[in-house]
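Report on one structure; see the data block that follows.
Protein chains: 2
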Amino acid sequence: MKKLYVVGLGPGGREYMTGEARAALEDSELLCGYTVYIDLIRADYPDKEILTTPMTQEIERCRMAVEAAEGGKTVAMVCSGDAGVYGMAGLIYEVAGENSPVEIVIVPGITAALSGAAVLGAPLVHDFAVISLSDLLTPWETIEKRLRAAGEADFSLCLYNPSSKKRADYLKRACDILLESRNPENACGWVKNIGREGQEYKVMTLAELREEQVDMFTTVFIGNSSTKFLGGKLVTPRGYERKMK
Amino acid sequence: MKKLYVVGLGPGGREYMTGEARAALEDSELLCGYTVYIDLIRADYPDKEILTTPMTQEIERCRMAVEAAEGGKTVAMVCSGDAGVYGMAGLIYEVAGENSPVEIVIVPGITAALSGAAVLGAPLVHDFAVISLSDLLTPWETIEKRLRAAGEADFSLCLYNPSSKKRADYLKRACDILLESRNPENACGWVKNIGREGQEYKVMTLAELREEQVDMFTTVFIGNSSTKFLGGKLVTPRGYERKMK
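Chains as they are written, first to last, in this note's numbering: chain A, 4 to 248; chain B, 4 to 248.
The following block contains the structure:
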């Protein structure tokens, strides 16, 4: 059967890839992806055929990958982070359709919720929700509803795509919604350029997060109401500390 | 500085570990962890000192790891999946305390939400929430509140610890809460023994999930209201399909 891997590369350099991801790339004849992600791995696979498309060309990129696999090639579509978290996994299934002759294999990777949480300490170690603030494909009303629900039910939160040039005030709007149910002192943080050159992080209160200017390479974390600052990091208790005392 | 790695091994065999995780184990003199997880890697590190504790001894396990690091050893505390998702990352910070001389380094791994989603297709490719059904450390009222909120706000859901001997009906109770806001036809699935021998998966409706008997080695997925069955897998649309038509 023709095989199409959809591979999560993790946050940056090759040290964050799993063995399974490396094996999938090794096994493939054609590597497809957004130019920036392909550039992360291109040097490791000088003999592979490469096919890149710019951002916003996701449908075309997936069509080319599926067609190449249908034509008999073993193909890897690469994604940053995890293929199954705001990645290409879903669109590949949709483009391939119900009766595709291609075997689709999703290879998970370390998504920014996990890699960013590791930099900040342990903000997501209890129940959490992941929300993208991008309204390119999702109505803002749906995003607001999810923010409000996660705020009220005291989830820790991880926010993807917290800002862009066209959406400079979206993080502020998200914080305002969370402040309806959360204390302004609620512990928060962000991580920028996770796993790449120029990695930075900062911890702060929810009131302070509201005033932060973040960019599209930043992932934002909001603890639950019990999350605390500990040694400059964020730690969400799981309930063990009741036993410890 | 004395170093204490908290390392997520991923779902099972060594092919799911990242390069960063392998380097952390290599760099450590002492490997600590729950017996079952240490057994997954023991054979690869025949010359390392090993310290295992049984389940439910989490506080003692973390104390021993922190003390060994304070004593000058480079230590790795290993966790299944990701150290920062229901793993030991938080407790290690709590045990080490505010002014610890130990440098704590969290090394992320592939948690069951990601590895299980990859087996099922792409159920979590849009906004999602992760909830543990274990009420050992969390009041059931909190779990119910989060289930209800995630159900109403149309998150995809991943449920950890869906069942145990003492909690045989918890998944049914969770499904009943979700059925307050979701259609009985809502697409769902589960994966058992992810990345290990005997891996199995099944897709089904929410009404059918309510009748499933799952065990503690199973991770449960509930799609959002748009998630569909496609080629025997679960696929949550992201909005691209509007562009495709």
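We put the CB at the ideal spot given by N, CA and C, even for glycine.
Look up residue i in the DSSP assignment and say whether it is helix, strand or coil.
{"i": "glycine 93 of chain A", "result": "helix"}
{"i": "glycine 234 of chain B", "result": "coil"}
{"i": "serine 31 of chain B", "result": "coil"}
{"i": "valine 78 of chain A", "result": "strand"}
{"i": "leucine 160 of chain B", "result": "strand"}
{"i": "glutamate 101 of chain A", "result": "coil"}
{"i": "lysine 168 of chain A", "result": "helix"}
{"i": "valine 9 of chain B", "result": "strand"}
{"i": "glycine 242 of chain A", "result": "coil"}
{"i": "tyrosine 173 of chain B", "result": "helix"}
{"i": "aspartate 42 of chain A", "result": "helix"}
{"i": "aspartate 50 of chain A", "result": "coil"}
Using a threshold of 9 Å, state whether the C-beta atoms of residue i and residue j are closer than that.
{"i": "leucine 237 of chain A", "j": "phenylalanine 220 of chain A", "result": "no"}
{"i": "proline 111 of chain B", "j": "glycine 192 of chain B", "result": "no"}
{"i": "alanine 132 of chain B", "j": "valine 128 of chain A", "result": "no"}
{"i": "threonine 222 of chain A", "j": "tyrosine 163 of chain A", "result": "yes"}
{"i": "isoleucine 109 of chain A", "j": "alanine 99 of chain A", "result": "no"}
{"i": "valine 194 of chain B", "j": "leucine 136 of chain B", "result": "no"}
{"i": "lysine 51 of chain B", "j": "leucine 28 of chain B", "result": "yes"}
{"i": "valine 9 of chain B", "j": "alanine 92 of chain B", "result": "yes"}
{"i": "glutamate 244 of chain A", "j": "glutamate 63 of chain B", "result": "no"}
{"i": "glycine 16 of chain A", "j": "glycine 90 of chain A", "result": "no"}
{"i": "isoleucine 44 of chain A", "j": "isoleucine 113 of chain B", "result": "no"}
{"i": "glutamate 130 of chain A", "j": "asparagine 227 of chain A", "result": "The question names glutamate, but residue 130 of chain A in the sequence shown is aspartate. In contact: aspartate 130 of chain A and asparagine 227 of chain A (Cβ atoms closer than 9 Å)."}
{"i": "cysteine 161 of chain B", "j": "alanine 121 of chain B", "result": "no"}
{"i": "alanine 156 of chain B", "j": "arginine 185 of chain A", "result": "no"}
{"i": "lysine 175 of chain A", "j": "arginine 213 of chain A", "result": "yes"}
Can you round the beta-carbon distance between residue i and residue j to whole angstroms, since I take them to be within the 8 Å contact cut?
{"i": "glycine 22 of chain A", "j": "glutamate 18 of chain B", "result": "4 Å"}
{"i": "lysine 255 of chain B", "j": "alanine 171 of chain B", "result": "Residue coverage of chain B in this structure runs from 4 to 248, which leaves residue 255 of chain B outside it and unanswerable."}
{"i": "glutamate 32 of chain A", "j": "lysine 76 of chain A", "result": "5 Å"}
{"i": "leucine 140 of chain A", "j": "methionine 80 of chain A", "result": "About 19 Å; that fails the 8 Å criterion."}
{"i": "valine 69 of chain B", "j": "isoleucine 53 of chain B", "result": "Contact flag wrong, Cβ pair sits at about 17 Å."}
{"i": "valine 217 of chain B", "j": "proline 165 of chain B", "result": "5 Å"}
{"i": "glycine 234 of chain A", "j": "serine 118 of chain A", "result": "Not really, about 20 Å apart at Cβ, beyond 8 Å."}
{"i": "alanine 152 of chain B", "j": "alanine 152 of chain A", "result": "4 Å"}
{"i": "glycine 154 of chain A", "j": "glutamate 188 of chain A", "result": "So it is not a contact: roughly 14 Å between Cβ atoms."}
{"i": "methionine 67 of chain A", "j": "cysteine 35 of chain A", "result": "6 Å"}
{"i": "serine 159 of chain B", "j": "threonine 239 of chain B", "result": "6 Å"}
{"i": "glycine 84 of chain B", "j": "glycine 13 of chain B", "result": "7 Å"}
On the DSSP bridge assignment, give the partners of residue i in chain order.
{"i": "threonine 56 of chain A", "result": "A:Tyr37"}
{"i": "glycine 84 of chain B", "result": "B:Gly13"}
{"i": "threonine 21 of chain A", "result": "B:Thr21"}
{"i": "glutamate 106 of chain B", "result": "B:Lys6"}
{"i": "isoleucine 225 of chain B", "result": "B:Leu160, B:Cys191"}
* To do: List in chain order: all unbroken alpha helix (DSSP H) runs of 4+ residues lying wholly within the stretch 182-222 of chain A.
  => Counting whole runs of 4 or more residues, the stretch 182-222 of chain A contains the alpha helix (DSSP H) stretches 209-212.
* Asked: Which full runs of the alpha helix (DSSP H) of 4+ residues lie inside the stretch 108-147 of chain A, going along the chain?
  -> As summarised for the stretch 108-147 of chain A, the continuous alpha helix (DSSP H) elements at least 4 residues long and confined to that stretch are 115-123, given in chain order.
* Mind listing which residues of the stretch 121-144 of chain B have their C-beta closer than 7 Å to chain C's C-betas, in chain order? -> Looking at the structure shown, chain C is missing, and the protein chains on hand are A and B.
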